[in-house]
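Comments concern the structure below.
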Amino acid sequence: MDWTALSVSLRLAGLTCLFLMPVGIWLGRALASAHFRGKGFCEALIALPLVLPPTVLGFYLLQQFGRDAPLGGFWATLTGGGLNFTFSGILLASLIANLPFAIQPIQRAFENVPANLREAAWCSGLSPWQTFLRIELPLVWPGILSAAALTFAHTLGEFGVILMVGGAIDGETRTLAIAIYDRVQAFDEQGAARMSALLLLVSLTTLGLVYGLAGRRRWMRG
Amino acid sequence: MAKSIMGSGLKVLVKQRGPIPLDASFNCPAGELLALVGPSGSGKTTLLRTIAGLYQPELGQVVCMGNPWLATERRYSLTPQQRKIGMVFQDYALFPHLNALANVQLAMGHLPHAQRQSLAKQWLANVRLEGLEKRFPSELSGGQRQRVALARALAREPQVLLLDEPFSAVDQVTRRRLQRELALLRQQISIPIILVTHDLEEAAALADQICVLHNGVSLQQGSPETLFRRPTSPLVARLLDRHNIFEGEIVSVAGQLRLQWGDYDLEVAEGLTELTLGEKVTWYLPPSDIVLHRRARPSQGERENPVAATVHEMVVLGGITSISLRVSHGDMLRFDIATHAARRNQLAQGEQVYVSLLAEGIHLMSGNHVAMPSRHMPSKYVFD
């Protein structure tokens, strides 16, 4: 069992969730209520990682992460380090690859909140911020949970993008999914099987926990 | 008088060209209930939302209890939170994740935390929901949800209560009960209440004043009695589902002004002198002012405005029979009598009957059938 790879995977998935959830809530809410020209294009752009082959996304990111590319150059001046083949690089790649998983469930959840609930809250004296915290957030909570679960589980399983951008540097960019591939390449089928089973278990537990929690509310029935 | 209304009630003036054309003005003294009635698309809900601060019209003024809430001419507008309003939405808009008590408590932000729970319980008890405090909206019936919505609106201790078709989502029996409860509740609160409805019966039963709207224009405001007996225009009469609207001409009979209607020269109690001889007018007669003569004792001509007619149609609706009479020149008179009275008089289709058109009830309106909204606007309605 490659515990280092597991630790990299969990760290990557956890941080991706942590950074993406606020973005997902903000963008999901904005997209749910906004009507503007080009909204369809924005939504398509967000959904792109769903259909794009991971290697294609990884290839473009690899190019952009280079020190002579604008993004890589900017990162270098900011931190002094590079993005390619580093944990920061695979984290950034993972953030981009997971955008649809983080935004879409939250956007759907906000779309399902009737507009007049917000108005009823205002008429009851609640400020927009209080309305968000006390009315909207509890109502979209299941959407946020499933976004988090999908993002977490998807990051654990991400292979193509991570391999393209990060390679397989032990303790830095070698995630569990890549470690499994390495094990298979090295004919260590048992090692691969153990890690695969672990990944399966972690994914299943995460999803089961989240869906279980989300469907447990009394007020949703009836 | 205008000043006292400004000080103790709600005064609304709204004007805009689009996207929803509006040209309305109405007021509601404290403690009274004003019903905004009109067909769908007449702007009722938009006006209610303007009062609540949920809609910003191009031009408008809202003054409540002497405090300006909206004055577009000086770009002044309070947020919905700053206006103290109690609003009952059409589908109640209860917060689904909060139980009845928490829904009510949420509107009590103006009170110290410690007081909220016991007061919220009191409000729920006021609307007869004791024992259901812990129920979620999904666990309540339509009528109970409406009561929670009403309790939540009142818990805010509002300066105006806004009701947006509050009875439209419940069954007939519940509706009657809730209407009765609202009528009782009204006696306890002394703020202006605005009720949006398309149900004329409901408006007539609950409102002190009715404001008739059509295409965003307020046509007439008055007591139900005034509106139903003295609509200012044929359009108002039609919107109020009034029948018995006819054309006539002012004539002189033996030196007396009369209203000529077909072969009849009718006496009219008031309004004739303001019109000129030969003028064409539209007139209206409330069905209650059509008196059926007993068939055994036909009119000798001594009664008020006797008219002979043929029974064209009889529709029995339970205890009431709606009767249409065709007069010789083709116009149709419509009125209701008790079904037993119709039987006693042996009324039947094709029979000839005599009726009196009470001079007191004949209401003369300006001759045109076309709506002329600008004529109904207050003359002082000016914006910078």
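Sequence lines, in order, name chains G and C. Every letter in the first sequence is one number past the one before it in the numbering used here, and letter 15, counting from 1, is 15. Every letter in the second sequence is one number past the one before it in the numbering used here, and letter 357, counting from 1, is 357. We treat Cβ as the ideally placed atom computed from N, Cα and C, and that holds for glycine.
Opening and closing residue of the beta strand (DSSP E) in which residue i lies
| i | result |
| --- | --- |
| VAL307 of chain C | 306-317 |
| ALA338 of chain C | 332-338 |
| HIS214 of chain C | 209-214 |
| GLY222 of chain C | 217-222 |
| ALA24 of chain C | 22-29 |
| GLN172 of chain C | No beta strand (DSSP E) holds GLN172 of chain C; the alpha helix (DSSP H) holding it covers 172-186. |
| ALA107 of chain C | Looking at the DSSP string, ALA107 of chain C is not in any beta strand (DSSP E), and its letter there is neither H nor E. |
| LEU195 of chain C | 193-197 |
| SER356 of chain C | 352-357 |
| THR321 of chain C | 320-327 |
| ALA69 of chain G | Where ALA69 of chain G is concerned, there is no enclosing beta strand (DSSP E), given that its DSSP letter is neither H nor E. |
Which of helix, strand or coil DSSP assigns to residue i
| i | result |
| --- | --- |
| SER196 of chain G | helix |
| GLY208 of chain G | helix |
| GLU274 of chain C | coil |
| ALA133 of chain C | Position check: residue 133 of chain C holds Glu in this sequence, whereas Ala was assumed. Of the three classes helix, strand and coil, the one that applies to GLU133 of chain C here is coil, per DSSP. |
| GLU43 of chain G | helix |
| LYS84 of chain C | coil |
| MET365 of chain C | strand |
| TYR284 of chain C | strand |
| LEU99 of chain G | helix |
| VAL51 of chain G | helix |
| THR173 of chain G | coil |
| TYR264 of chain C | strand |
| LEU78 of chain C | coil |
| MET1 of chain C | Unreliable placement is indicated for MET1 of chain C, whose pLDDT of 38 sits below 50; the coordinate value is still reported in the next sentence. Three-state result, MET1 of chain C: coil. |
| ARG147 of chain C | helix |
| ASP188 of chain G | coil |
| VAL113 of chain G | coil |
| GLN107 of chain G | helix |
Test item: CB-CB of residue i and residue j under 7 Å
| i | j | result |
| --- | --- | --- |
| LEU156 of chain G | SER7 of chain G | no |
| ILE90 of chain G | THR173 of chain G | yes |
| TRP122 of chain G | PRO80 of chain C | yes |
| ILE323 of chain C | MET314 of chain C | yes |
| SER124 of chain G | LEU101 of chain C | no |
| ASN305 of chain C | SER252 of chain C | no |
| CYS17 of chain G | PHE159 of chain G | no |
| ILE245 of chain C | ALA237 of chain C | yes |
| GLN147 of chain G | GLY14 of chain G | Per the sequence shown, the amino acid found at residue 147 of chain G is Ala instead of Gln. Cβ atoms of ALA147 of chain G and GLY14 of chain G: not closer than 7 Å. |
| ILE193 of chain C | ALA30 of chain C | no |
| TRP219 of chain G | PHE136 of chain C | yes |
| ALA149 of chain C | LEU124 of chain C | no |
| GLY60 of chain C | VAL127 of chain C | no |
| ALA228 of chain G | ILE178 of chain G | Nothing about residue 228 of chain G can be reported from this structure: the residues present for chain G run from 1 to 222 only. |
Rounded C-alpha distance that separates residue i from residue j
| i | j | result |
| --- | --- | --- |
| PRO54 of chain G | GLN185 of chain G | 20 Å |
| TYR284 of chain C | PHE335 of chain C | 13 Å |
| ARG81 of chain G | ASP68 of chain G | Here residue 81 of chain G is Gly; the residue named in the question, Arg, does not match the sequence. Computed Cα separation, rounded: 13 Å. |
| LEU195 of chain C | SER233 of chain C | 23 Å |
| LEU277 of chain C | GLY255 of chain C | 11 Å |
| VAL12 of chain C | ALA338 of chain C | 42 Å |
| GLU181 of chain C | ALA169 of chain C | 16 Å |
| THR4 of chain G | HIS154 of chain G | 19 Å |
| VAL202 of chain G | ILE162 of chain G | 19 Å |
| LEU132 of chain C | ARG49 of chain C | 30 Å |
| ASN67 of chain C | ALA153 of chain C | 20 Å |
| VAL113 of chain G | LEU272 of chain C | 59 Å |
| PHE41 of chain G | LEU52 of chain G | 16 Å |
| PHE87 of chain G | ASP188 of chain G | 26 Å |
| ALA203 of chain C | GLU32 of chain C | 13 Å |
| SER4 of chain C | GLY350 of chain C | Because SER4 of chain C carries a pLDDT of 41, less than 50, the predicted location of this residue cannot be relied on, and the following value inherits that uncertainty. Distance between the alpha carbons of SER4 of chain C and GLY350 of chain C is about 56 Å. |
| LEU20 of chain G | TYR76 of chain C | 40 Å |
| TYR87 of chain C | ALA35 of chain C | Looking at the sequence shown, residue 87 of chain C is not Tyr but Met. Near 15 Å, if we compare the C-alpha coordinates of ALA35 of chain C and MET87 of chain C. |
Beta-carbon separation (whole angstroms), residue i vs residue j, contact threshold 8 Å
| i | j | result |
| --- | --- | --- |
| ALA385 of chain C | LEU117 of chain G | Beyond the ends of chain C as shown, which are 1 and 384, falls residue 385 of chain C; an answer cannot be given. |
| LEU10 of chain C | GLN16 of chain C | Wrong, their Cβ atoms sit about 19 Å apart, outside the cutoff. |
| SER218 of chain C | ALA24 of chain C | 4 Å |
| LEU185 of chain C | ILE210 of chain C | 20 Å between Cβ atoms; not a contact. |
| LEU213 of chain C | GLY43 of chain C | 6 Å |
| LEU176 of chain G | HIS97 of chain C | Incorrect: roughly 37 Å between the Cβ atoms, too far for contact. |
| LEU150 of chain G | PHE101 of chain G | 4 Å |
For residue i, the first and last residue of its enclosing alpha helix (DSSP H)
| i | result |
| --- | --- |
| ALA71 of chain C | No alpha helix (DSSP H) contains ALA71 of chain C, which is instead part of the beta strand (DSSP E) from 67-71. |
| ILE25 of chain G | 3-33 |
| GLU249 of chain C | It is not in any alpha helix (DSSP H) - GLU249 of chain C instead sits in the beta strand (DSSP E) that spans 245-253. |
| LEU137 of chain G | 137-157 |
| GLY60 of chain C | Unbroken run through GLY60 of chain C is the beta strand (DSSP E), 59-64; no alpha helix (DSSP H). |
| LEU235 of chain C | 234-239 |
| GLN117 of chain C | 113-126 |
The ligand COA heavy atom lying under 6 Å from the CB of residue i
| i | result |
| --- | --- |
| HIS312 of chain C | The ligand COA is not part of the structure shown, which contains no ligands of any sort. |
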